[in-house]
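Visitor:
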Amino acid sequence: MSASATAAIEARGLCKRYGAFEAVRSIDITVKRGEVFGLLGPNGAGKTTTVEILEGYRRRSDGEVCVLGEDPARRSRALRQRIGIVLQAGGIYGHITPREALRHWASFYPRPRDVEEVLALAGLASQADMRSRRLSGGQLRRLDFALALVGDPELIFLDEPTTGFDPQARRDAWETVRKLREGGKTILLTTHYLDEAQELADRVAIIKDGRILAIGPPRDLGAGSAHYRVSYRTAEGELVERQTDDPTALLHELTGEALARGERLEELAVRRPTLEELYLELTADG
Amino acid sequence: MSETLTLAWRQYRLERRMFWRNPSAAFFNFLLPLLFLAGGGIILSGSQHDLDKLVPSIAAMSVMATTFTALAYNVVYLRERGVLKRVRGTPLPTVSYFGGLMANAVTNAALQIAIVVLAGRLLLGTGWPRDWAQLAVFTIAGVACLSALGVAFAHVIPNFESTAAYVNAVFLPVVFVSFYVFDSSSVPAFLRNIAEALPLKPLIDGFSAAFVSGSSLGDNLDALAIIALWGAFGCYFAVRGFSWESRS
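First to last, the protein sequences are chains S and V.
Under my numbering, the first sequence has 239 at position 208, and the numbering climbs by one with no breaks.
Under my numbering, the second sequence has 145 at position 122, and the numbering climbs by one with no breaks.
1) Identify every residue that forms a DSSP beta bridge with residue 69 of chain S.
2) Where do the ends of the beta strand (DSSP E) carrying residue 43 of chain S lie?
3) So with Cβ pairs under 8 Å, would you call residue 246 of chain S a contact of chain V?
4) Alpha carbon to alpha carbon, what distance is there between residue 119 of chain V and residue 35 of chain V?
5) For a test of the three-state rule: what should DSSP assign to residue 61 of chain S, helix, strand or coil?
6) Comparing alpha-carbon positions, which option in S/228, S/85, S/81 lies nearest residue 306 of chain S?
7) Which value, in whole angstroms, describes the spacing of the CA atoms of residue 315 of chain S and residue 258 of chain S?
8) Listing by chain order, which chain S residues have their CB less than 8 Å from the CB of residue 186 of chain V?
9) Let me know the secondary structure DSSP gives residue 34 of chain S once reduced to three states.
10) Per DSSP, which one or two residues make a beta bridge with residue 245 of chain S?
11) Does the CB of residue 185 of chain S have a neighbour CB from chain V at under 8 Å?
12) For the region 45–75 of chain V, which residues have a beta carbon sitting closer than 8 Å to at least one beta carbon of chain S?
13) Using only CA atoms, which one of S/78, S/216, S/118, S/82 lies nearest to residue 103 of chain S?
14) Quick check: what's the CA-CA separation for residue 296 of chain S versus residue 311 of chain S?
15) Could you please give the first and the last residue of the uninterrupted alpha helix (DSSP H) stretch that includes residue 308 of chain S?
16) Mapping DSSP to helix, strand and coil, what is residue 215 of chain V?
17) Answer yes or no: does any C-beta atom of chain V fall closer than 8 Å to that of residue 163 of chain S?
18) State buried or exposed for residue 221 of chain S, treating a residue as buried only when at least 16 other CB atoms are found within 10 Å of its CB.
19) Does DSSP put residue 189 of chain S in a helix, in a strand, or in coil?
20) Does the Cβ of residue 135 of chain S have 16 or more other Cβ atoms within 10 Å, making it buried, or fewer, making it exposed?
21) What are the start and end residues of each continuous alpha helix (DSSP H) run of 4 or more residues lying completely inside the region 151–219 of chain S, in chain order?
22) Rounding to the nearest angstrom, what Cα-Cα distance links residue 56 of chain S and residue 230 of chain S in this structure?
23) Let me check understanding here. Comparing Cα to Cα, which of S/225, S/223, S/180 lies closest to residue 3 of chain S?
24) Decide if residue 170 of chain S is buried, meaning its Cβ has at least 16 other Cβ atoms within 10 Å, or exposed.
25) For residue 259 of chain S, list the residues DSSP reports as bridge partners.
26) Drop a sphere of 10 angstroms on the beta-carbon of residue 263 of chain S, count the other beta-carbons inside from all chains shown, and report buried for 16 or more, exposed for fewer.
27) Mind reading off the beta-carbon distance from residue 239 of chain S to residue 313 of chain S? Whole number of angstroms is fine, and I expect it under 8 Å.
28) What beta strand (DSSP E) runs, 3 residues minimum, are completely inside the region 62–139 of chain S?
29) Does the separation of the CB atoms of residue 83 of chain V and residue 165 of chain V fall below 8 Å?
30) With DSSP as the reference, please indicate the residues paired to residue 195 of chain V in a beta bridge.
31) Which residue from S/91, S/96, S/73, S/67 puts its Cα closest to that of residue 43 of chain S?
32) With distances taken from CA atoms, which of S/110, S/89, S/88, S/92 is nearest residue 98 of chain S?
33) Using a Cβ-Cβ cut-off of less than 8 Å, give me the residues of the region 84–95 of chain S that come near chain C, in sequence order.
34) Do residue 91 of chain V and residue 169 of chain V have their C-beta atoms within less than 8 Å of each other?
35) Using only the alpha-carbon positions, how far apart do residue 101 of chain S and residue 79 of chain S sit?
36) Sort out for me which residues DSSP pairs residue 53 of chain S with in a bridge.
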């Protein structure tokens, strides 16, 4: 079986143009089944546009896209029965309760999950019979999760799932994502929070101006960068950091000079950048 | 097919439940036309001729309020709040969703006509409709036409805050000119032409024939044709201009 047949999402040369503006410029992504894949990037990087093409909301301008074996642009009902979508901002009827909304949503799917179980999973058990208009922002977001999960989808899209959450709510949301992953679900998540990508994603793509700048497991991403960072404190007490692709040569040069001057290089360190440093470096303007 | 219908039915039941849970919507839908009817009844009391004109006018206005106005509001609200976008991401068929939404508006229109007929009979002494079949034909045509126009008009409205302004800018002048032309025999020709070309006046004429005069459907085919033309126009733009996404 080819790799594309087992992948949950496969995009090749994906482009989206709005007139002269190129929101997405030839993106390649493969998301394996059972994987949590993170699209990380600043606001306006093209994350949501990419995800909305994969979800079937937008038509691509160019490229090949395959989601669970189907072209999402065809908007088949069968495909929508297998995916769950948490939009960045999706409204809900104010005059019905979470339980009623979930029962209604469950009727759209061939094999829905138990409504009570989903309420519990989303942490809405005690708000199940409140009118939705009385729910807090965080509770509404949990309802977004619950509505996306009630159809028991194989693939779940989470577009900035924790933006605006307080720290505890974020931990709870992360816990839900981990449970879904343990249940064998494939998850594509967009975020502009590094810690979220680091905590949740098996692999991360850093995206900016519609292009993927780096892709890989979060732990390896920073470490896999070509740039080493060599830092030390000079005799004057100033902390110096230099970047290099060849730390051996640089160290030789630095230590040679220091020995010649009879100085010590205090706090000498060679390290690879963290994901955060790589992210800031890649997404910096200019 | 049967599943599409089942889902439309479920959507319809949800819409009904939400409608009754929103007291202000229920108020405007049912009480306002009754107040118009009562107010008009008091002012016009003593002249059965005038009361006979009042009942079909209010019935037609009610159809416009429950379909055109309510659907324009509803669609803009659902669009701007992101409900439409969310629904589009689910397997719920578009036909089932809008079928349920429209059926909800149709139910309100039918309830309103029933209320107006009953109130006319019991309070204003206008008698039962003379031609039930014609009443049904014009109700169906009016509801279909004004529903389509309401959805089409929603596409013109840029955000929810301005919905009332947009809707009233159409609703009030149309109601005014249609009522005026229907009621008065000495109207300037251009005003009469405008009213006759709009869908509400033909609907009033049709209701008037069904409620009061009893003139046959064959005599009112031109009125029906105008409603059908507006309906086709509305359907075209309702589908063509449709946007699932918030504009603001």
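The C-beta atom is built at its ideal place from N, Cα and C for all residues, glycine as well.
Just so you know, these numbers come straight off a predicted model, no measurement behind them.
Guide: From the atom records:
1) As a first step, residue 69 of chain S must be located in the first sequence, where it is residue number 38. Per DSSP, S/220, S/235.
2) Start at 1 with the first residue of the first sequence, and residue 43 of chain S comes out as number 12. 38–49 is the span of the beta strand (DSSP E), which, as asked, contains residue 43 of chain S.
3) On the first sequence, residue 246 of chain S is found 215 positions in, with the first residue counted as 1. By this cut-off, residue 246 of chain S is not an interface position.
4) Start at 1 with the first residue of the second sequence, and residue 35 of chain V comes out as number 12. Start at 1 with the first residue of the second sequence, and residue 119 of chain V comes out as number 96. Their backbone Cα atoms lie some 9 Å apart in a straight line.
5) Within the first sequence, numbered from 1, the residue matching residue 61 of chain S stands at position 30. Residue 61 of chain S: strand per DSSP, three-state reduction.
6) The residue given as residue 306 of chain S occupies position 275 in the first sequence. Looking at the Cα atoms, S/228 is the closest of the given residues.
7) In the first sequence, residue 315 of chain S corresponds to position 284, counting from 1. In the first sequence, residue 258 of chain S corresponds to position 227, counting from 1. Between residue 315 of chain S and residue 258 of chain S, the C-alpha separation is close to 16 Å.
8) Numbered from its first residue, the second sequence carries residue 186 of chain V at position 163. Per Cβ cutoff of 8 Å: no residues; residue 186 of chain V is ~15 Å from chain S at best.
9) Mapped onto the first sequence, residue 34 of chain S falls at position 3. With a pLDDT of 45 at residue 34 of chain S, under the threshold of 50, the predicted position of this residue should be treated as unreliable, and no value is reported.
10) For the purposes of this step, residue 245 of chain S is identified with residue 214 of the first sequence, where counting begins at 1. Paired residue(s): S/237.
11) In the first sequence, residue 185 of chain S corresponds to position 154, counting from 1. Chain V, which has no Cβ nearer than 8 Å to the Cβ of residue 185 of chain S, makes this no.
12) 45
13) Residue mapping note: residue 103 of chain S aligns to position 72 of the first sequence, counting from 1. When only C-alpha atoms are compared, the closest one is S/82.
14) Position 265 of the first sequence holds residue 296 of chain S. Position 280 of the first sequence holds residue 311 of chain S. The alpha-carbon atoms of residue 296 of chain S and residue 311 of chain S are separated by roughly 27 Å.
15) Here residue 308 of chain S refers to the residue found at position 277 of the first sequence. That run of the alpha helix (DSSP H) goes 306–314.
16) What you label residue 215 of chain V is simply residue 192 of the second sequence in a count that begins at 1. Three-state DSSP puts residue 215 of chain V in a helix.
17) Working through the first sequence from its first residue, we reach residue 163 of chain S at position 132. Cβ-Cβ to chain V under 8 Å: no for residue 163 of chain S.
18) Counting from one through the first sequence, the residue named residue 221 of chain S turns up at place 190. Buried.
19) To locate residue 189 of chain S, count along the first sequence from 1; it is residue 158. Strand, per DSSP.
20) Position 104 of the first sequence, counting from 1, holds the residue named residue 135 of chain S. With 16 or more Cβ atoms within 10 Å of its Cβ, residue 135 of chain S is classed as buried.
21) 168–180, 198–213
22) Position 25 of the first sequence, counted from the start, is the residue given in the question as residue 56 of chain S. Position 199 of the first sequence, counted from the start, is the residue given in the question as residue 230 of chain S. Whole-angstrom Cα-Cα distance: 28 Å.
23) Because chain S is modelled from 32 through 317, residue 3 of chain S falls outside the range shown and cannot be assessed.
24) For the purposes of this step, residue 170 of chain S is taken as residue 139 along the first sequence, with counting starting at 1. Counting Cβ neighbours within 10 Å, residue 170 of chain S comes out buried, since at least 16 surround it.
25) Reading the first sequence from its first residue, position 228 is the one you call residue 259 of chain S. Beta-bridge pairing links residue 259 of chain S to S/275.
26) On the first sequence, residue 263 of chain S is found 232 positions in, with the first residue counted as 1. Per the 10 Å Cβ criterion, buried.
27) Taking the first sequence and counting its residues from 1, one reaches residue 239 of chain S at position 208. Taking the first sequence and counting its residues from 1, one reaches residue 313 of chain S at position 282. Yes, residue 239 of chain S and residue 313 of chain S are in contact; Cβ-Cβ is about 7 Å, under 8 Å.
28) 67–71, 93–98, 114–117
29) Along the second sequence, one-based indexing puts residue 83 of chain V at 60. Along the second sequence, one-based indexing puts residue 165 of chain V at 142. Contact flag set, yes.
30) By one-based count along the second sequence, residue 195 of chain V stands at place 172. According to DSSP, residue 195 of chain V bridges with nothing at all.
31) The residue labelled residue 43 of chain S in the question sits at position 12 within the first sequence. The shortest Cα separation from residue 43 of chain S among S/91, S/96, S/73, S/67 belongs to S/96.
32) Stepping through the first sequence from its first residue, residue 98 of chain S is reached at position 67. The shortest Cα separation from residue 98 of chain S among S/110, S/89, S/88, S/92 belongs to S/110.
33) The structure shown has no chain C; the protein chains it does contain are S and V.
34) As a working note, residue 91 of chain V is residue 68 in the second sequence. As a working note, residue 169 of chain V is residue 146 in the second sequence. It is a contact, given that the beta carbons lie within the stated cut-off.
35) Position 70 of the first sequence holds residue 101 of chain S. Position 48 of the first sequence holds residue 79 of chain S. Answer to the nearest angstrom: the Cα atoms are 20 Å apart.
36) Against the first sequence, residue 53 of chain S aligns to sequence position 22. Partner(s): S/48.
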